[in-house]
Each structure stands twice: as C-alpha cells, then as structure tokens.
Amino acid sequence: MSSADTTAAPREDAPPPGRLHSVNDQIADLGEVVVQAVEEIGDITIFAWRTLAWLTRRWPSRDVLFSSLHQIGVRSLPVVALTGTFIGMVLAGQAYYQFRSFGMENRLGAMINLSMFRELGPVLAATMLSGRVGSAIAAELGTMRVTEQIDALTSMGANPLRYLVAPRFLACLFMIPSLTIMAIFMGVVGGAFYCIYVFDVDPYFYFQNAQQAAGAWDLFYGVFKSGFFGAAIAIISCYRGFHCAPGAEGVGRASTIAFVQSFVVILVLDLGLSIVLDRLYFFFWPGA
Amino acid sequence: MVDAPRENHPPSSSPADACLIAARRVTVRFGRQAVLSDVTIETPRGQTLAIIGESGCGKTVLLKTLIGLIEPSDGRVEFDGQRLDRLGEQALTKLRTRFGFVFQQAALFDSMSIADNVAFPLREHRRLARAEAYEIVVDRLSEVGLPASVMVKKPAELSGGMRKRVGLARALVMQPELLLYDEPTTGLDPIMSAVINELIVRTRQQHNVTSIIVTHDMHSALTVADRIVMLMPTARLRSGAQQVVFDGTPAEVRASTDRHVRQFVRGEAGERLTEMNAG
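Chains as they are written, first to last, in the working numbering: chain A, 18 to 305; chain B, 8 to 286.
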C-alpha cells in the first residue's frame, strides 16, 4: 500500500468523533472490566473445583501436609493470640464509658464475649491468616511460577494442584478453627483483664453475665464461619500465585492482590454466613 | 571433553525408526499474537534434534507445547502415537514420566535439598523409601560429575553449572525415553558449556534417549545434534512463508545458502539492526 493510501479520507465504519466516541470507549472499557471479572470468578471456581477433585483422588503426602500445617497454623498462633488479646482490651476500653453511663459496666463481659465469639474472633483470625499466610503463599507460588518450578513439577508428572495447592488448602481449612478459638480465648481474657484490673468491674457479675450471654451456639457460629474463610484464603492465594505475572513486580502484585481479595471475600462471606446462621437459629429456636 | 564441533550420526530415515514425538501443524497464540504458526516437526526415536532460532522465535514455547505444558491453539502433538490433546489429566500425568525436561535455569525446588530434588520423581511415582531413592540419586549425580557431598545442599548454594547438572540428573532419574533441554548452555562459561555438551552426547550414548535441544548456541547445536531445525519469529515472516526455515544435518546447516540461516550460524547482525531501528 502506498503512503497516499494510508492517509485516505476517514472510513465510513470509523468511530464517531468527539464526546460520543469517548462515551463509546468508556462503555467498551467497562464491558472489558466486567468480562474480565466474570472470567476470573469462573477461573477461580474451576481452580477450586479441580483442587477438591484431586483431594478426593489422592491426599498429599504426610510430610508435605505436616509441613503446611506447621507453617500455616502453628507459626500463625503467636500473632493471632497477640492481636486477639489487644482487640479484647481495646474493645473493653472503648465500651466501658458507654456502658458506665447506663450503669451497665457489669454487662461488659457479655458484650465483649459475644463480639469475640461471633465476629471479631473469626474475622480477626482470618485477616491475620490472609495477611501472614495468604500473601506468603501467593509470593511463594508466584516465585515458583516465575522460576518454572511449577512447570518442572508438571513435567515430572506431579500435579501442582495436588502437590502445592491441596496441602495449603487443607492446612488453612484445618488450622483456622484452632486459630479462631485462640483469637476468641485471648480476646476474652484480654477484655476481662482490662475490665477487672483497670476499670475495677466486679469479676463475679462480669463473668456471670458473660457466661449467660455467650454459649456453645455462639462458639459454633464463629468457628463454622472461619472454615469458609480459611478455604477462601487458600484458594485465592494459591490462584494468585499460579497466575502470577513474570518478574519481581508480578510476584509483588500477586501477593498484594491475594491479601486484598481474600480480605474482601472474608467480609462478604462474613455477612452472607451471618445472615444464613441467624435465619437457621431462628428457624430451629423460634422463641429465642 | 569436547573441543570442537563434531559430526554425529546423520538422521536416520529408516522406517524402523518410528517417530517418537511430533508436532503437527501446531499454532500457539497468546492473545492475538501467534508465537508458533503452523509448525510441523517430527523426531524419530533415538535422534538428537536441535531447534535453533533467534530470541522470541518460539523455541521454548514449542518445547513446552511438546510435553503439554502449553496447549496449542491449533494442531496437535503426538507422543508414541498418542495424541496429547485426547488424553485425560491422569493419563497425561502418567505419560510425562516418560519425559525428562532440563529447564533453562534448572528450576530446582528451592525448599528441598539437592538429594530430595533429584529423588522427587522416584518418591512421587515409584514410591521408593528415601534411603532407596538416595542410592539412585548418588549414581545419577556421579553420572553428571557431581559428588555425593552436594546432596545435603540447597539449590541456592550451587553454581549455575552445578544447578544445570543437577537438573540433568533429575531429568535422567526416571530413565526417560525423551529428554528436552531448554537452552542448556545459556549463561555458562565456555568450559562449563563444553561439559554440558559432552554430558548431552554421553547421555544419548548411554541411555539411547531421544533428545530435543532448544538453543541459540550454534557451537552447542553443531556439537550435539544429529539434525537441526531453525525457526523464524512469526513477526518477521512474509505472508504464507513457513516458520521452519531450515531442517537438515549439521553439515547442511553449515553449507546452507539461505540468508537467515547463514546469518544465524555466523552470528552476523546483517540487516537486523536496520530492521529493529525501523520497527
């Protein structure tokens, strides 16, 4: 084609100029984002499904699973315990003056324990897990992807989903209930300590009210939700690592996105599961 | 030790040498960009094939497509008469135990010792006890000239050449029928490159393995290969032209009058600089 041809008059099917063109572009961009998001959700679902399918066929070896349980569960325990303690104390400090103005400081234990059992314990443990473990998983698997270690696994006839994802998934699923219970326990202890030793709340009434307010159902409520959080953290973080872009920047981005997406999913799941569990409770115990 | 390029056995065209692996009319696209376009390459059993071509021509993509790490957008790959695209995940996983892949940067598992890296396929597929697997590991490491003392080390503690040799030992440990090497001499000094070339030749002689080597190191290709195939980047192809611009013996590649082949073999920039500036 000659240069004269390339500078010919605008084609009839060329996009309209001006504001309409800009609006068209914006709609096209929005459409692209939506399509990408839908594709990604589909991809993550297939990824999760294939991981579960591998778990029904063959479990990871004991060595690999124990190593993941230790890395993900045992090593997260101190940080979860520490944050649980401080959240319990902060909650006590924030609520004390409100409760005192109504003369209800003896009921602080009920509020603190119920909050820790149902919401703060599971969400806190899950947030700490996604921050400490989720981003580490994404970075580790991302580096393995970039350095062709995942390809090496595949080329040796070892399925990476079974070898890399399944143990991390099981470790998150099995360890998050323990971490949640630890967060709850330390939050309860921290709150009680602050109320009794700093605000001089009567320990007898504090514990009596606390015991009456929060029970087995509330503990189940929190621990049940945590299982879903653990599964979501593992799947999202592993998926991000597996689909990491090349280079150091790619690994960094995978790690950040893994944390942000896990956190958002934890909050969405928390709301959804709370609604479902409350409905179930009132279905089985309508008079409560 | 290899001092100079040498002629190996010429490619056999006897019908007894059945094709072990073949890419038939393979096209691979990433998004809208085609990296491989309608590529057909057959490799008979026992042959050592070198795939050469400038950076970005799709050599590594072709190698990964051959063992199903990358799915072709069009065309098919056949190994020992079986179409890879028709195999289920489990069957493909099983089939891969017949391949050995030596990665460009060795791709050793950082978290494992050298012993566990090399023993990995044995523990995974043959379910050997650790001690039993380690006995085989010692043999394989000595085959590639590494002492047993490296077994306790982590990959990060080894030099590039040692890591490549560990990668070769790991690829050999299951006694594969097909060995694939991705840029085996890239980033190594000339002596270590010669060592790797010698190991490739020796491995073929000892194990009678079929090998495909992707390289842009002409010395290496001329030293180890029975047959050389040259690919051109799709971006530089004229409409309707084949991506495989050369297929012949090392002697034929040296004597080739094709402009692209000659430039590549001699390492001449030719008109590339002008093309790159224009592009």
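For each residue, glycine too, the CB sits at the ideal point set by N, CA and C.
Closest residue to residue i among the options (Cα-Cα distance)
| i | options | result |
| --- | --- | --- |
| B:Thr-55 | B:Gly-194, B:Asp-265, B:Arg-234 | B:Arg-234 |
| A:Gly-317 | A:Phe-299, A:Ala-127, A:Ser-279, A:Gly-101 | This structure leaves residue 317 of chain A out entirely; chain A is present only between 18 and 305. |
| B:Arg-243 | B:Val-33, B:Gly-38, B:Leu-43 | B:Leu-43 |
| A:Phe-245 | A:Phe-280, A:Ile-213, A:Leu-181 | A:Phe-280 |
| B:Phe-106 | B:Gly-95, B:Thr-72, B:Asp-117, B:Ser-80 | B:Thr-72 |
| B:His-214 | B:Ala-178, B:Thr-193, B:Asp-224 | B:Ala-178 |
| A:Asp-168 | B:Asp-189, B:Ala-140, B:Val-180, B:Pro-162 | B:Asp-189 |
| B:Met-158 | B:Thr-192, B:Leu-135, B:Ala-122, B:Ala-126 | B:Ala-122 |
| A:Ala-248 | A:Leu-178, A:Phe-191, A:Val-91, A:Ala-262 | A:Phe-191 |
| A:Leu-178 | A:His-38, A:Ser-272, A:Arg-67, A:Tyr-221 | A:Arg-67 |
| A:Leu-187 | A:Leu-131, A:Gln-228, A:Thr-73 | A:Thr-73 |
| B:Leu-129 | A:Val-51, A:Glu-165, A:Leu-170, A:Glu-136 | A:Leu-170 |
| A:Glu-136 | A:Ile-283, A:Pro-77, A:Trp-76, A:Gly-59 | A:Ile-283 |
Residues near residue i by beta carbon distance below 7 Å, same chain, minus five either side
| i | result |
| --- | --- |
| A:Asn-226 | Asn-123, Arg-124, Gly-126, Ala-127 |
| B:Val-151 | Arg-172, Leu-175, Ala-176, Leu-206 |
| B:Val-260 | Ile-235, Phe-253, Val-268, Val-272 |
| A:Phe-103 | Gly-207 |
| B:Val-125 | Val-144, Arg-147, Leu-148, Val-173, Ala-176, Arg-177, Val-180 |
| B:Ile-74 | Arg-103, Phe-106, Phe-108, Leu-187 |
7 Å Cβ cut-off: residues of chain A touching residue i
| i | result |
| --- | --- |
| B:Ile-220 | In chain order: nothing, as chain A lies at least about 15 Å away. |
| B:Thr-100 | Gly-174, Asn-176 |
| B:Thr-104 | Gly-174 |
| B:Leu-76 | Asp-168, Thr-171, Ser-172 |
| B:His-214 | Correct list: empty, because the minimum Cβ distance to chain A is about 17 Å. |
Residue interval of the alpha helix (DSSP H) (run including residue i)
| i | result |
| --- | --- |
| A:Phe-191 | 183 to 210 |
| A:Met-121 | Here A:Met-121 belongs to no alpha helix (DSSP H), and DSSP marks it neither H nor E. |
| B:Ser-218 | It is not in any alpha helix (DSSP H) - B:Ser-218 instead sits in the beta strand (DSSP E) that spans 217 to 221. |
| A:Gln-229 | 220 to 230 |
| A:Val-282 | 264 to 301 |
| A:Pro-139 | 138 to 146 |
Rounded C-alpha distance that separates residue i from residue j
| i | j | result |
| --- | --- | --- |
| A:Leu-158 | B:Glu-142 | 30 Å |
| B:Arg-90 | B:Val-84 | 6 Å |
| B:Leu-238 | B:Gln-249 | 9 Å |
| A:Leu-196 | B:Leu-102 | 42 Å |
| B:Val-252 | A:Arg-162 | 32 Å |
| A:Phe-134 | A:Ala-200 | 9 Å |
| B:Met-119 | B:Glu-282 | 46 Å |
| A:Ile-292 | A:Gln-115 | 27 Å |
| B:Asp-81 | B:Val-33 | 6 Å |
| B:Thr-241 | B:Val-46 | 11 Å |
| B:Glu-78 | A:Asp-80 | 32 Å |
| A:Gly-120 | A:Tyr-113 | 10 Å |
| B:Thr-67 | A:Ala-233 | 58 Å |
| A:Glu-56 | A:Phe-259 | 16 Å |
| A:Asp-217 | A:Gln-111 | 15 Å |
| A:Arg-185 | A:Ala-251 | 6 Å |
| B:Pro-51 | B:Val-216 | 11 Å |
| A:Gly-148 | A:Gly-269 | 13 Å |
| B:Val-231 | B:Leu-165 | 25 Å |
| B:Gln-97 | B:Leu-70 | 21 Å |
| A:Met-106 | A:Thr-160 | 39 Å |
| A:Ala-262 | A:Gly-304 | 55 Å |
| B:Asp-196 | A:Ser-272 | 36 Å |
| B:Gln-112 | B:Pro-191 | 9 Å |
Partner residues on chain B for residue i, Cβ-Cβ distance less than 8 Å
| i | result |
| --- | --- |
| A:Glu-165 | Phe-110, Gln-111, Gln-112, Ala-114 |
| A:Asp-46 | Ordered by position in chain B, no residue passes the 8 Å Cβ test against A:Asp-46, which lies about 17 Å from the chain. |
| A:Ala-65 | Within chain B, no residue comes near A:Ala-65; the closest Cβ sits about 16 Å away, beyond 8 Å. |
Closer than 6 Å: residue i CB and nearest the ligand SAH heavy atom
| i | result |
| --- | --- |
| A:Ala-175 | No copy of the ligand SAH appears in this structure; indeed no ligand is present at all. |
Within chain A, partners of residue i - CB distance below 8 Å
| i | result |
| --- | --- |
| B:Phe-127 | Met-173, Ala-175 |
Extent of the continuous beta strand (DSSP E) to which residue i belongs
| i | result |
| --- | --- |
| B:Gly-255 | 251 to 255 |
| B:Gly-82 | 81 to 86 |
| B:Phe-108 | 106 to 109 |
| B:Tyr-188 | 185 to 189 |
| B:Pro-51 | 40 to 51 |
| A:Met-161 | Looking at the DSSP string, A:Met-161 is not in any beta strand (DSSP E); the run it does join, the alpha helix (DSSP H), is 152 to 163. |
Residues near residue i by beta carbon distance below 6 Å, same chain, minus five either side
| i | result |
| --- | --- |
| A:Pro-194 | Val-240, Ser-243 |
| A:Val-97 | Ala-142, Met-145, Leu-196, Met-199, Ala-200 |
| A:Ser-254 | Gly-151, Ile-154, Ala-155, Ala-275 |
| A:Phe-299 | none |
| B:His-132 | Thr-104 |
| A:Trp-71 | Leu-178, Arg-179, Ala-183 |
| A:Phe-222 | Asn-123 |
CB contact check: residue i to chain E, cutoff 7 Å
| i | result |
| --- | --- |
| A:Asp-60 | The structure shown contains no chain E; its protein chains are A and B. |
Amino acids of chain A, ordered along the chain, whose beta-carbon sits closer than 9 Å to that of residue i
| i | result |
| --- | --- |
| B:Lys-171 | The premise fails here: B:Lys-171 is roughly 13 Å from chain A at the closest Cβ pair, so nothing lies under 9 Å. |
| B:Lys-71 | Asp-168, Ser-172 |
| B:His-132 | Met-173, Gly-174, Ala-175 |
Same chain, Cβ closer than 8 Å to residue i, neighbours up to 5 away in sequence not counted
| i | result |
| --- | --- |
| A:Ile-61 | Ile-252, Ile-253, Tyr-256 |
| A:Asp-295 | none |
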